[in-house]
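Engineer: Once you've had a glance at the structure underneath, I'll fire off some questions.
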Amino acid sequence: MASALGLPVLALEYSAIRAQAGMGQYGAVLYWALALYAVAWAPPHRRSFRTLRILASGAALTITLMPVTLLLLLGAMLPG
């Protein structure tokens, strides 16, 4: 479930960063999030791997939404 929410946001962040002529330090964070999503969706789907997959998906969602949340908070703090 977490990956269904995070993958579109991650794709938008990736395309926005790539459009700015370079990934820089933030690119590594995006690649970590992609790797964690891959772990969350990788087979086999055994019950013994359920906890690992949930943790990987939750961590990827957190990594993906952290910059967006920070931007929203900064925008809310600016005087209107």
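Each residue of the sequence shown is one higher than the last, beginning at 1 in this note's numbering. All C-beta atoms, glycine included, are put in the ideal place defined by N, C-alpha and C.
Touch check for the region 71-78 and the region 47-62: three-plus C-beta pairs under 8 Å?
Structural biologist: Too few Cβ pairs lie closer than 8 Å, so no.
Engineer: Looking only at its own chain, which residues have a Cβ that is under 7 Å from the Cβ of residue 29, when we skip the five neighbours before and after it?
Structural biologist: In chain order, 63 place their CB closer than 7 Å to the CB of residue 29, counting only its own chain and leaving out the 5 sequence neighbours on each side.
Engineer: Drop a sphere of 10 angstroms on the beta-carbon of residue 37, count the other beta-carbons inside from all chains shown, and report buried for 16 or more, exposed for fewer.
Structural biologist: Its Cβ being crowded by 16 or more others within 10 Å, residue 37 is buried.
Engineer: My output table needs one value for residue 43: the three-state DSSP class, helix, strand or coil.
Structural biologist: coil
Engineer: For residue 58, which option in 70, 20 and 34 has the closest C-alpha, if you only look at C-alpha atoms?
Structural biologist: Taking only the C-alpha atoms, the option nearest residue 58 is 34.
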